[in-house]
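All remarks here apply to the structure that follows.
In the numbering used here, the protein residues as written are 426 to 494.
Here it is as structure tokens:
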């Protein structure tokens, strides 16, 4: 893996998600979409995940790169 692009979106669930997650149409969900690329900038993985909005915690660690120190 060389790099990845990820989008996080808070939204209402789709009809399929309502059925599979056993939630109501007004319940919020978090949608994660990520594409991972190799060193030639070619996509090697695509992931789409949906989480219940009231049962998810996101923890992010941010570090400066060596050139920014």
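Backbone N, C-alpha and C define an ideal beta-carbon position, used for all residues, glycine too.
Straight-line Cα distance separating residue j from residue i
{"i": "residue 479", "j": "residue 449", "result": "13 angstroms"}
{"i": "residue 489", "j": "residue 452", "result": "37 angstroms"}
{"i": "residue 487", "j": "residue 441", "result": "35 angstroms"}
Close beta carbons around residue i, own chain, < 7 angstroms, minus the five adjacent residues each side
{"i": "residue 433", "result": "455, 457"}
Other residues of its chain near residue i: CB distance less than 6 angstroms, five sequence neighbours each side excluded
{"i": "residue 428", "result": "462"}
{"i": "residue 470", "result": "461"}
Range of the contiguous beta strand (DSSP E) that encloses residue i
{"i": "residue 367", "result": "Within the shown structure, residues of the chain are numbered from 426 to 494, placing residue 367 beyond reach of any answer."}
{"i": "residue 490", "result": "Taken as a continuous stretch (DSSP letters only), residue 490 belongs to no beta strand (DSSP E), as it is neither H nor E."}
{"i": "residue 498", "result": "Any question about residue 498 goes unanswered here, given that the chain covers just 426 to 494."}
{"i": "residue 473", "result": "468-477"}
Cross-strand partners of residue i (DSSP beta bridge)
{"i": "residue 428", "result": "462"}
Other residues of its chain near residue i: CB distance less than 8 angstroms, five sequence neighbours each side excluded
{"i": "residue 468", "result": "460, 461, 462"}
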